[in-house]
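Participant:
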Amino acid sequence: HGEGGGEEEPLSHLDELLELHIDEETDSKTLLGCYAATDIPGEFAWRPGALTTAARTGKWVLLEDVESCPVEIQAALVRLLKERILPLGGEREERCHPN
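Counting along the sequence shown from 1, when you hit position 35 you're at 35 in this note's numbering, and nothing is skipped either side.
Right under this line is the structure:
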């Protein structure tokens, strides 16, 4: 490590790490989000999933067993990595935090 060189410790951002274990039960609602009923009858609000929240806030994400993801999640991840945009279904999408 250089002295005063502005280098960061490699593990200094672990508090900003979200670990997600993917299995056959994981769906787009869990990772991306979904509309859910509110306290007002007949009203629904968007509830972001874990991956959407991480993209909004700039957290690092570790996806374990990513090969188990459903195809729609894999497609969303590809767009997220290429364009920094997370498609949420329909016309909804989330632009990533700049970090």
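Using N, Cα and C, we set each Cβ at its ideal position, and we do this for glycine too.
Closest to residue 26 by CA distance: which of 88, 19 and 73 is it?
Facilitator: 73
Participant: Let me check understanding here. Comparing Cα to Cα, which of 81, 79 and 71 lies closest to residue 23?
Facilitator: Closest by alpha carbon: 71.
Participant: For the structure I just gave you, are there three or more beta carbon pairs, one from the segment 35–42 and one from the segment 73–85, closer than 8 Å?
Facilitator: no
Participant: Considering only heavy atoms of the ligand FAD, does any lie closer than 6 Å to the CB of residue 87?
Facilitator: With respect to the ligand FAD, the structure shown offers nothing to examine, as it has no ligands at all.
Participant: Starting from residue 47, trace the beta strand (DSSP E) both ways and give me its first and last residue.
Facilitator: 44–48
Participant: Who are residue 87's beta bridge partners in DSSP?
Facilitator: 93
Participant: Pull up the distance between the alpha-carbon of residue 84 and that of residue 35, whole angstroms please.
Facilitator: When rounded, the distance between both Cα atoms is 23 Å.
Participant: Do you know offhand how far residue 98's Cα is from residue 16's?
Facilitator: 14 Å
Participant: Could you give the residue range of the alpha helix (DSSP H) that holds residue 31?
Facilitator: 28–31
Participant: Rank 91, 95 and 90 by C-alpha distance to the C-alpha of residue 82 and give the top, closest one.
Facilitator: 95
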